[in-house]
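What follows is a short report on a single structure.
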Amino acid sequence: MAKTEAGLAAVMGHEVVHALARHGAERMSQGQLTNVALQVAGAAIGVSGTNPLLGQAAMAALGAGAQVGVLLPFSRSHESEADYIGILLAADAGYDPRESVHLWERMAQLSGGGGPSEFLSTHPGHETRIEQLNKWMPEALAIYQTNSGSPAPELPILTGR
Ligand SMILES: [Zn+2]
Numbered sequence: 147m148a149k150t151e152a153g154l155a156a157v158m159g160h161e162v163v164h165a166l167a168r169h170g171a172e173r174m175s176q177g178q179l180t181n182v183a184l185q186v187a188g189a190a191i192g193v194s195g196t197n198p199l200l201g202q203a204a205m206a207a208l209g210a211g212a213q214v215g216v217l218l219p220f221s222r223s224h225e226s227e228a229d230y231i232g233i234l235l236a237a238d239a240g241y242d243p244r245e246s247v248h249l250w251e252r253m254a255q256l257s258g259g260g261g262p263s264e265f266l267s268t269h270p271g272h273e274t275r276i277e278q279l280n281k282w283m284p285e286a287l288a289i290y291q292t293n294s295g296s297p298a299p300e301l302p303i304l305t306g307r
């Protein structure tokens, strides 16, 4: 689906923002995590004070729960944030941010415009996503062109975005 290195950078940028912005933790605070994750969190809190070994096991399980959270769809606003900052990160790392549009065009083709209603209710439609990406593109391109194709040694610091 990514096709090119820049396409892969678009995917990575998007996913990295979900992690950096702690969208999973926000979901947890909104009470939107699965019952499994909540039970594991409860076990971690209840157990860690009494037995350090059991606490460690619970925390490891909580990590697994967080992974489940990452695989679940995020809210529309989280998806938009991941799209927006994701292309800035990709551009800053020296990858053409315009590949993100091509990536989502391929995604749209794959899903044939349809898809499970649950997915559509929690994700921006492909058209909306591409529209937004094009809106943010000048900013991302400015970063990309400044960097002249050499990957940045470090991730940029995100401030108030
Ligand atoms: Zn996402």
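Mapping the sequence shown onto the working numbering, position 153 (from 1) lands on 299, and the numbers just tick up by one.
Note that the Cβ used here is the ideal one computed from N, Cα and C, for glycine as well.
The closest heavy atom of ligand 1 lies less than 7 Å from the beta carbon of Ala228. If you look at Lys281, you'll find it in the alpha helix (DSSP H) that goes 272-293. Nearest in C-alpha terms to Ala286, of all of Glu277, His248, Arg275, Gly232, is Gly232. Cβ neighbours of Val163 within its own chain (closer than 6 Å, five residues either side excluded): Ala228, Ile231, Gly232. For the pair Glu161 and Gln291, the Cα-to-Cα distance works out to about 23 Å.
In this structure, the C-beta of His164 approaches ligand 1 to less than 7 Å from one of its heavy atoms. Relative to the Cα of Ser246, the nearest Cα in the group Arg168, Ala165, Glu273, His169 belongs to Glu273.
For Met253, the three-state secondary structure derived from DSSP is helix.
Between Ala236 and Ala148, the CB-CB gap reaches or exceeds 8 Å. Here Met283 is actually not in contact with Arg222; their C-beta atoms are around 20 Å apart, not less than 8 Å. For Tyr230, the enclosing alpha helix (DSSP H) begins and ends at 222-238.
Ligand 1 has no heavy atom closer than 7 Å to the beta-carbon of His272.
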